[in-house]
Amino acid sequence: MSQHQRPSDQRTALCDALAAVAPTAPTLCEGWTAHHLAAHVWVRENEPVGAAGIAVPALARRTAERLEEVRSQRAYTDLIDAIRRGPGGLSPFRLPGVEAAANTVEFFVHCEDVRRGAGDLTPRPRDAALENFAWRRAATLARLLLRRSPVAVWLERDLPPGEPVRIGRGPDIVTLSGPPSEILLYLFGRRSAANLEVFGEPAAVAAMTRAATPV
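Numbering (the working numbering), first residue to last: 1 to 215.
Have a look at this one:
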């Protein structure tokens, strides 16, 4: 098992998951089929202008229109092949370090969007490199997304166990416990599909959920 998680590992897993389902297969991304998701991944990597609405709400409509254009104009299998080959020559994702920082989590989450959206809720075999990477990213992401939470949130990884991460303060505590990759999915809003345990009073869990910044 490798000690370092490579973005190419998650790229391959995502493409394999897309290839295993029909273009019309549902995903965990509300309103998106597998074909929509493939178009999103391709535009995000290859068209910085077209993808700007992913990060800039004022441009979201134009990005949605561009995704639909790509989905309607390009065959599903062609998009999968293009994603598998990697970003084009002028893509910022080809810059050293950018793909690892920006794509490892993105591709993992979208792979699970495809797999679990199609009904396969079984977690993939545990990968120590991925879990360690996911733990670091989950800790950072939780501090950002849960910064407005009125209750304290604890993140606890299962294997190997480690020092928990605590976000916020207060007498009420919600604990998210499980594999780091599943905690990451939960933080990305895939709550019903994530395989982890949530401990806390129902009112505290609801307060945390309401305060979470959407991804």
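The C-beta atom is built at its ideal place from N, Cα and C for all residues, glycine as well.
Pick out whichever of the options has its Cα sitting closest to the Cα of residue i.
i    : options                   : result
L196 : D158, I167, F93 and D9    : D158
E106 : H40, V205 and R126        : H40
G119 : A19, L187 and A193        : A193
A64  : G88, I80 and L37          : L37
C15  : V49, G86 and L141         : G86
P92  : V21, V56, V49 and I80     : V49
L18  : L146, T140, R191 and C111 : C111
R126 : L145, T77 and P179        : P179
L90  : D172, N46, H35 and R190   : N46
V21  : G88, A51 and Y76          : Y76
A134 : R147, R115, R116 and A102 : A102
F259 : G97, C29 and I183         : Any question about residue 259 goes unanswered here, given that the chain covers just 1 to 215.
What is the rounded straight-line gap between the Cα of residue i and the Cα of residue j?
i    : j    : result
W32  : P26  : 7 Å
Q10  : A60  : 26 Å
L95  : P161 : 35 Å
L121 : D113 : 10 Å
S149 : G168 : 7 Å
F188 : V109 : 8 Å
A82  : W42  : 7 Å
P23  : E163 : 42 Å
L185 : R191 : 7 Å
T291 : G170 : Because residue 291 is not part of the residues shown, which for the chain are 1 to 215, the question remains open.
L130 : T140 : 15 Å
R116 : R124 : 11 Å
E68  : T12  : 24 Å
What residues are listed by DSSP as bridge partners for residue i?
i    : result
S8   : DSSP, once it has assigned bridges, lists no residue as partnering S8.
L176 : L155 and V198
T33  : P26
I80  : I80 is not bridged to any residue.
R166 : W154
Below 8 Å on the Cβ atoms is my guess for residue i versus residue j; work out the distance and round it to an integer in Å.
i    : j    : result
I54  : R44  : 6 Å
S181 : E156 : So it is not a contact: roughly 14 Å between Cβ atoms.
V205 : V174 : 5 Å
A207 : V165 : At roughly 19 Å, the Cβ-Cβ gap does not stay under 8 Å, so A207 and V165 are not in contact.
V153 : A138 : V153 to A138, Cβ: 11 Å. No contact.
R71  : H35  : 5 Å
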